[in-house]
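Participant: Okay, here's the structure, questions in a sec.
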Amino acid sequence: MTSTYDILYERLAATFDRVQPGAEPVLRQSEHGDYQANGVMALAKTLGRAPRDLAAEIMADLDLAGIASVGVAGPGFLNITLLASFLDQQLREVLVDQRLGVALPTVAKNVVIDYSAPNVAKEMHVGHLRSTVIGDALARMYRFAGHHVIARNHVGDWGTPFGMLIEHLIDLGEEQALASLSIGDLDSFYRAARKTFEEDDNFKERSRQRVVALQSGDPETRRLWQLLVDESISYFAEVYAKLDVTLQPSDVVGESYYNDMLESVVTDLEAHGLITVSDGALCVFPPGFTNREGEPLPLIVKKSDEGFGYAATDLAAVRDRVTNLEADELLYVVGAPQSQHFDMIYAVARLAGWLPESVRCEHVAFGNVLGPDRKMFKTRSGETVKLVGLIDEATERAYVALEERKSDLNDRQRRELSVQVARAAIKYADLSTERQRDYVFDLDRMLAFEGDTGPYLQYAHARVRSIFRRLGAPWDGASASFALENDAERSLALGLLAFPEAFHLALESLQPHRLCVYLFDLAQRFTAFYEACPVLSAVGHTRDERLALCELSARTLNLGLSLLGIDAPDQM
RNA sequence: GCCCUCGUAGCUCAGCGGAUAGAGCAUUGGCCUCCGAAGCCAUGUGCCCGGGUUCGAGUCCCGGCGGGGGCACCA
């Protein structure tokens, strides 16, 4: 089906286009009508005409027969009010549309989304939360939109720390080491290795040699390295399962994957004449970047010690993703502090011809998770906060909160539900504000069942579902029609029909919080409707109509939440 | 010093160049013999400052101020 917004937009665009090719109608939802088109004033300006005259001309040409009525207001706003018959028709179509009005794209794009990126042999901590949650929401949204998502979990699986980690593994003995890693105690493993490294010169020297052996491909060293990697990946999988994140072990394409491409990255850059040797390092100086002293800032591709830096790996990844994966879009869900680094990577990749203008490439930056003191979230002792601990605490609190409510649920159901509620709380809190902003991690607020929270939206959904439980028999809404005589019904209907545009807005701007804003607004429209319009006690076609509105509300909330990676349980 | 980012109600946040800037918490006051009160209704307060662009600026540009971050071999 074609969404309400798209139908209006097409009609308006056709008329605007006749007046001035390419003119933008600027169609928005409105308080003054159902929608308003603001493009007339701007167009009048460029044409040097009186806005109201132009508005009249556009209205005369505009074909909205059977769709809406239009009026001119103020300096030249076109206020659009949808006809009851049109709303009825649209709602009937959505009712039988699994996609709730969201059209599939004419061409499916290959979208590479780089997110999560924990480090091997290190605990996942709050620092990984945002990348993981935002990246996964975007992945779900792109998939639903009909694109082909290639998730890339760029784990830190290479570099000098692996010398000491492997030596520590040897010292502990493989079995002992793997046992400690498999229970998820990655941090103490890492810390112990680090401690020995700092205190024991002999160990330090062994570690150095081990790094050399690893880099030169020594089979035994590689085997031990692989053990660490595999253990870590299966641990990450547990965390992802806890968080209900769609990342799979097969999405792990760590830094080491690009090792064999690094030399050719350098030769490729050299061939383009981009490499400059500076202080013994091979650098590219993309225009427009300067350091503290105002001198050109290098992207160091190969260090003076002959080692490759992460810039080389990131460049190799760009080239690989565009050339081999045939990516149409590259998204990097990485914290805001790295923005200069990525700007430089993209600039160099464009200079080298690896990144055509046709490929959209964006650093999906996000702000920090802050503690109650408004500084980077740390434990009281100043350590990083483990992700599993955070989830467990949220789950426990959700359980307590659920216990306090009176409900028909038994203890086992409450246990399962508390997991879903905890995830909703954490994810929604992260997704519901503009990405770039920092936010304070506050479990009390996130877990609140009232206000703009994940649990509240779950509740709103569960409340709709309960209506159908009370109904007893299965409900067949196929014959429903929509008169929308009550204001609350009409407002809810407009909200439901606006799902496609809200979804696209969130997707195109890479801002999941816009979907959150929509869902919360929809939930409020629903509760207003629910207060004003009895459903089960209604009769005849009114009852069917209201049940159909309930059905659509539940499905829209469910779908919207699922796109954010949040469960919508039927009962709470 | 340069660059990026954020600054909206007491607090936490929406606001895609358009009309009277909106929500949620919190405050105060109402609403359950009625589909889940985890709800609803009512209640007061605000765009950091100064310029500019524009018919129109919370939104775009410039300059301040304040918070956060980045600025050559760690990723």
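Here the first sequence is numbered in the numbering used here, starting from 446 and rising by one per residue. Note that beta-carbon positions come from the ideal geometry of N, C-alpha and C, so glycine has one too.
Tell me L727's beta-bridge partners as DSSP assigns them.
Facilitator: Residue numbering aside, residue 727 sits at position 282 when the first sequence is read from its first letter. Bridge partners of L727: V722, K747.
Participant: Could I get the ranges of all uninterrupted beta strand (DSSP E) runs contained in the segment 557-612, with 3 residues as the minimum, in chain order?
Facilitator: 593-597
Participant: Select from I595, Q1016, P550, G604 the residue whose C-alpha is nearest the C-alpha of R850.
Facilitator: Here the question's residue 850 lines up with position 405 in the first sequence. For the residues I595, Q1016, P550, G604, the minimum Cα distance to R850 belongs to Q1016.
Participant: Tell whether a beta-carbon distance below 8 Å holds between S749 and A726.
Facilitator: Indexing the first sequence from 1 puts residue 749 at position 304. Indexing the first sequence from 1 puts residue 726 at position 281. The answer is yes: Cβ separation under 8 Å.
Participant: With 16 other CB atoms within 10 Å as the buried threshold, where does R437 fall?
Facilitator: The structure shown does not extend to residue 437, since the chain is modelled only from 446 to 1017, so the question has no answer here.
Participant: Please list, in chain order, all residues of the same chain as V804 whose beta carbon is under 8 Å from its beta carbon, the five residues on each side excluded.
Facilitator: Within the first sequence, numbered from 1, the residue matching residue 804 stands at position 359. Cβ within range, chain order: V767, A772, D773, E774, L775.
Participant: Exposed or buried, which one is S982 when buried takes at least 16 other CB atoms within 10 Å?
Facilitator: To locate residue 982, count along the first sequence from 1; it is residue 537. Of the other Cβ atoms in all chains shown, fewer than 16 fall within 10 Å of the Cβ of S982; this residue is therefore exposed.
Participant: Helix, strand or coil for C961? Go by DSSP, reduced to three states.
Facilitator: Your numbering for residue 961 matches position 516 in the first sequence. Three-state DSSP puts C961 in a helix.
Participant: Determine the direct distance from the alpha carbon of A938 to that of L528, and round the result to whole angstroms.
Facilitator: Looking up residue 528 in the first sequence gives position 83. Looking up residue 938 in the first sequence gives position 493. Their Cα atoms are separated by approximately 12 Å.
Participant: Hey, out of I745, A968, A925, Q660, whose CA is closest to H906's CA?
Facilitator: The residue labelled residue 906 in the question sits at position 461 within the first sequence. The residue with the shortest Cα to Cα distance from H906 is A968.
Participant: Can you name the residues that DSSP bridges to T735?
Facilitator: The residue labelled residue 735 in the question sits at position 290 within the first sequence. According to DSSP, T735 bridges with P741.
Participant: Between the segment 573-583 and the segment 476-492, are three or more C-beta pairs nearer than 8 Å?
Facilitator: no
Participant: Using C-beta distances below 8 Å, list every residue in its chain close to L847, excluding the 5 sequence neighbours before and after it, in chain order.
Facilitator: Taking the first sequence and counting its residues from 1, the one referred to as residue 847 is at position 402. Result list for L847: L854, R859, L862, S863, V866, M1017, in chain order.
Participant: At which residues does the alpha helix (DSSP H) containing C806 begin and terminate?
Facilitator: Here residue 806 refers to the residue found at position 361 of the first sequence. DSSP places C806 in no alpha helix (DSSP H) but in the uninterrupted beta strand (DSSP E) bounded by 805-808.
Participant: In this structure, what does DSSP give as the bridge partners for A513?
Facilitator: Counted from its first residue, the first sequence places residue 513 at position 68. Beta-bridge partners assigned by DSSP to A513: L527.
Participant: Go ahead and label D765 buried or exposed: buried means 16 or more other beta carbons lie within 10 angstroms of its beta carbon, across all protein chains shown.
Facilitator: For this step, residue 765 is matched to residue 320 along the first sequence. Counting Cβ neighbours within 10 Å, D765 comes out buried, since at least 16 surround it.
Participant: In three-state terms, what does DSSP make of R819?
Facilitator: To locate residue 819, count along the first sequence from 1; it is residue 374. R819 falls in the coil class under three-state DSSP.
Participant: Assuming K747 contacts V711 (C-beta within less than 8 Å), just tell me the rounded distance between them.
Facilitator: As a position in the first sequence, residue 747 is number 302, starting the count at 1. As a position in the first sequence, residue 711 is number 266, starting the count at 1. Going by Cβ atoms, the distance from K747 to V711 rounds to 6 Å, so yes, they are a contact pair.
Participant: Can you tell me which of S926, I611, R636, D542 puts its alpha carbon nearest to the alpha carbon of W670?
Facilitator: Residue mapping note: residue 670 aligns to position 225 of the first sequence, counting from 1. Restricting attention to S926, I611, R636, D542, the CA atom closest to the CA of W670 is found in I611.
Participant: What separation, rounded to the nearest whole angstrom, lies between the Cα atoms of R494 and Y454?
Facilitator: Sequence index remark: in the first sequence, residue 494 carries index 49 (1-based). Sequence index remark: in the first sequence, residue 454 carries index 9 (1-based). Rounded to whole angstroms, R494 to Y454 spans 23 Å at the Cα level.
Participant: Provide the residue(s) that pair with Y901 in DSSP beta bridges, ordered along the chain.
Facilitator: The count along the first sequence starts at 1 and reaches residue 901 at position 456. Answer by DSSP bridge pairing: none, since Y901 is not bridged.
Participant: What are the start and end residues of the beta strand (DSSP E) that includes Q1016?
Facilitator: Here residue 1016 refers to the residue found at position 571 of the first sequence. The continuous stretches of beta strand (DSSP E) do not include Q1016, and DSSP gives it neither H nor E.
Participant: For the beta strand (DSSP E) containing L492, name the first residue and the last one.
Facilitator: Reading the first sequence from its first residue, position 47 is the one you call residue 492. Where L492 is concerned, there is no enclosing beta strand (DSSP E), although the alpha helix (DSSP H) it sits in stretches over 484-492.
Participant: Using a Cβ distance threshold of 8 Å, determine whether the segment 551-558 contacts the segment 514-524, with at least three qualifying pairs required.
Facilitator: Between the segment 551-558 and the segment 514-524, the count of C-beta pairs closer than 8 Å stays below three; the two stretches do not touch.
Participant: Can you tell me the Cα-Cα spacing of N647 and A637, whole angstroms?
Facilitator: Residue numbering aside, residue 647 sits at position 202 when the first sequence is read from its first letter. Residue numbering aside, residue 637 sits at position 192 when the first sequence is read from its first letter. Roughly 15 Å between the two C-alpha positions.
Participant: Rounded to the nearest angstrom, how far is the Cβ of V814 from that of Y884, given a contact under 8 Å?
Facilitator: Counting from 1 along the first sequence, the entry for residue 814 is found at position 369. Counting from 1 along the first sequence, the entry for residue 884 is found at position 439. The Cβ separation is near 7 Å, so the contact holds.
Participant: Return helix, strand or coil for L992, following the three-state DSSP convention.
Facilitator: Within the first sequence, numbered from 1, the residue matching residue 992 stands at position 547. Three-state result, L992: helix.
Participant: Round the Cβ separation of P694 and I720 to the nearest angstrom and send it over; I've been treating them as touching at under 8 Å.
Facilitator: Here residue 694 refers to the residue found at position 249 of the first sequence. Here residue 720 refers to the residue found at position 275 of the first sequence. With a Cβ gap of about 36 Å, P694 and I720 do not count as contacting.
Participant: Strictly by DSSP, which residues pair up with E774?
Facilitator: Here residue 774 is taken as the residue at index 329 of the first sequence, counted from 1. In DSSP, E774 forms a bridge with V556, R805.
Participant: Grouping DSSP H, G and I as helix and E and B as strand, with all else coil, what is T878?
Facilitator: Position 433 of the first sequence, counting from 1, holds the residue named residue 878. The answer is coil: DSSP assigns T878 none of H, G, I, E or B.
Participant: Please identify the residue among L659, L549, A797, M609 whose C-alpha is closest to the C-alpha of H593.
Facilitator: Within the first sequence, the letter at position 148 stands for residue 593. Selected option, being the one with the closest Cα: L549.
Participant: Just curious, the alpha helix (DSSP H) that Q671 is in, first and last residue?
Facilitator: As a first step, residue 671 must be located in the first sequence, where it is residue number 226. Start and end: 664-688.
Participant: Is the separation between the beta-carbon of L832 and that of V541 shorter than 8 Å?
Facilitator: Stepping through the first sequence from its first residue, residue 832 is reached at position 387. Stepping through the first sequence from its first residue, residue 541 is reached at position 96. No, these two residues do not count as a Cβ contact at 8 Å.
Participant: Can the beta-carbon of F461 be found less than 8 Å from the beta-carbon of L492?
Facilitator: As a first step, residue 461 is located in the first sequence; it is residue number 16 there, counting from the start. As a first step, residue 492 is located in the first sequence; it is residue number 47 there, counting from the start. Taking 8 Å as the Cβ cut-off, F461 and L492 do not qualify as a contacting pair.
Participant: Any idea what DSSP makes of V885, helix, strand or coil?
Facilitator: The sequence position of residue 885 within the first sequence is 440, counting from 1. DSSP places V885 in strand when its eight states are reduced to three.
Participant: Kindly list the residues whose CB is nearer than 6 Å to the CB of T666, restricted to its own chain and excluding five residues on each side of it in sequence; keep chain order.
Facilitator: Here residue 666 corresponds to residue number 221 of the first sequence, with the count starting at 1. Result list for T666: A658, L659, in chain order.
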